[in-house]
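Below is one structure, written out as structure tokens, with a few remarks after it.
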Amino acid sequence: RTNNVTVNVQRSAPLIKIQQNATIMASSDADVPEECAACGKRGDVLKKCGACKLVKYCGSACQRAHRREHKERCLARAAELFDETLFKQPPHEDCPICFLRLAPTELGENGYKSCCGKTICNGCLFAIGSADNRLFCPFCRAPGFDDAEEHIGRLKKRMEMDDATAFREMGTLYFEGSYGLTRDAVRAHELLQRAAGLGSADAHCQLACIYRSPAKYNEKKALYHDQQGAIGGSTSARHSLGISEFKRGNFERATKHWVIAAGDGSKRSLDSIQLAFSGGVATKVQYENALCAYQKYKDETKSDQRDEVAAFMQGFDSNAFSREFT
């Protein structure tokens with residue numbers, strides 16, 4: 001143990017070397033002047049390698065000169081850092097009315113309100129609509145829109161405020177050609193790109209689907225958007241990553257993705273782990289972890305109002321219900 005940085009000797013030699021270098025850098029930062037990894041120059045104005053964060057340089061010339069020597073360690077550490085981010089359990093949102101955890105977008109159990117930009121669970125949308133017999137927004141109390149033109153106008157106002165979900169909603173409407181809009185795939189793609197740039201995980205997921213379509217097939221871009229979507233909390237993107245890893249024979253990584261997605265409410269991912277367990281490529285512990293994570297999600301999202309809506313919606317399109325109460 002050196003300066004509270006522990007090297008795990010059970011790991012592979014390259015990773016041990018990386019951690020040892022990290023330990024050295026931690027010691028250097030605390031005890032001695034910083035040093036350029038290429039020329040050895042010391043000073044206070046050195047920049048870290050943007051990929052691995054392990055070494056520092058006094059300028060771009062030194063970084064280029066040191067690249068051949070540093071490349072292997074850099075790529076290994078950068079991949080490790082990326083996986084730490086990719087396999088981290090993403091944050092989840094709560095309904096602003098009942099304060100219970102929201103279901104993932106793919107399940108169609110929430111509705112986006114274009115009046116105030118809030119995403120509200122169907123339980124609260126249904127309860128307020130039933131009590132008032134009118135479609136007031138449960139959050140801001142604005143009346144529901146009378147026609148498609150008013151809804152489009154509200155979305156445009158939200159877009160002026162850089163509302164990522166508003167951009168995604170508008171992109172979806174253009175892609176579907178609904179609410180009086182002419183179907184325009186190019187415009188839809190532009191709006192979804194903007195939504196993704198503003199942080200919409202669901203927009204990333206939709207873009208990944210677009211890049212897997214025959215018209216725009218680009219697996220590299222699809223993988224990128226699935227990864228960004230998964231990091232942001234899209235269960236569909238996470239499930240898709242699991243499928244991609246499974247097809248490559250990376251069963252351990254596939255199972256990791258599916259366990260996380262199951263904990264965020266993806267029944268598809270839970271079923272995938274069950275099949276992987278039956279086929280001998282997932283362990284009993286992994287399957288049990290997925291079951292426990294999924295059950296925890298169900299407990300955190302359960303309410304009488306939501307159960308009432310679920311019973312009411314038997315045989316109906318849940319996404320259509322959300323739109324109706326939006």
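Just so you know, the numbering used here puts 176 at position 176 of the sequence shown, and the rest follows in order with no gaps.
Think of the CB as a built atom: it goes at the ideal place given N, C-alpha and C, for glycine as much as any other residue.
Close Cβ partners of residue i (< 6 Å) along its chain, the five nearest in sequence each way excluded
i, result
"E219", "none"
"G229", "A201, H204, C205 and A237"
"C62", "C36, A38 and C39"
"S269", "H239, W258, A261 and A262"
"F126", "V309"
"N8", "Since pLDDT at N8 reaches only 38, below the 50 mark, its modelled position is unreliable, and no value is offered."
"Q286", "T255"
"K48", "K56"
"R253", "E245"
Start and end residues, alpha helix (DSSP H) containing residue i
i, result
"N289", "K284 to T301"
"C121", "Taken as a continuous stretch (DSSP letters only), C121 belongs to no alpha helix (DSSP H), being part of the beta strand (DSSP E) at T119 to C121."
"Y224", "E219 to G232"
"T182", "First-last for T182: undefined, no H or E at that position."
"R67", "S60 to L86"
"C209", "A201 to I210"
"L241", "T235 to K247"
"T165", "A164 to E176"
Beta-carbon proximity of residue i to residue j, cut-off 8 Å
i, j, result
"T165", "G117", "yes"
"R154", "C115", "yes"
"T283", "P104", "no"
"S272", "G242", "yes"
"H92", "G233", "yes"
"G68", "C52", "Just to set this straight, residue 68 is Arg in the shown sequence, not Gly. Against a cut-off of 8 Å, the Cβ pair of C52 and R68 comes out as no contact."
"D94", "L102", "yes"
Same chain, Cβ closer than 7 Å to residue i, five either side skipped, listed in chain order
i, result
"S303", "C98, L100 and G123"
"G59", "none"
"L46", "E34, C36, K56, Y57 and C58"
"L198", "D162, A164 and F167"
"D307", "none"
"I128", "F136 and P138"
"R64", "none"
"Y179", "A148, H151, I152 and L173"
Residue of the options minimising C-alpha distance to residue i
i, options, result
"V309", "K88, E69 and C121", "C121"
"G177", "S272, A208 and I152", "I152"
"Q227", "A188, K216, S244 and P96", "S244"
"C140", "K113, D162 and A254", "K113"
"A215", "H189, L223, Y224 and H225", "H189"
"I210", "Y287, F175, C95 and A65", "F175"
"C292", "Q305, V281 and Q274", "Q274"
"F251", "G280, H66, L135 and R77", "G280"
"R158", "E80, A195, V285 and N289", "A195"
"Y224", "Q305, R67 and Q193", "Q193"
"G50", "L75, T255, R42 and S278", "L75"
Cutoff 8 Å; reference residue i; Cβ partners in own chain excluding five residues on either side
i, result
"I231", "T85, L86, K88, P90 and A201"
"N21", "Low confidence applies here, because N21 scores a pLDDT of 47, under 50, leaving its location unreliable and the question unanswered by this model."
"L191", "F167, R168, M170, G171 and Y174"
Residue i, enclosing beta strand (DSSP E) - first and last residue
i, result
"Y112", "N110 to Y112"
Is it true that the region 263–271 meets the region 287–298, where meeting means three or more beta-carbon pairs spaced less than 8 Å apart? Under the three-pair Cβ rule at 8 Å, the region 263–271 counts as touching the region 287–298.
Report yes or no: do the region 183–198 and the region 139–151 share at least 3 C-beta pairs separated by less than 8 Å? The answer is no - the region 139–151 does not touch the region 183–198, with fewer than three Cβ pairs under 8 Å.
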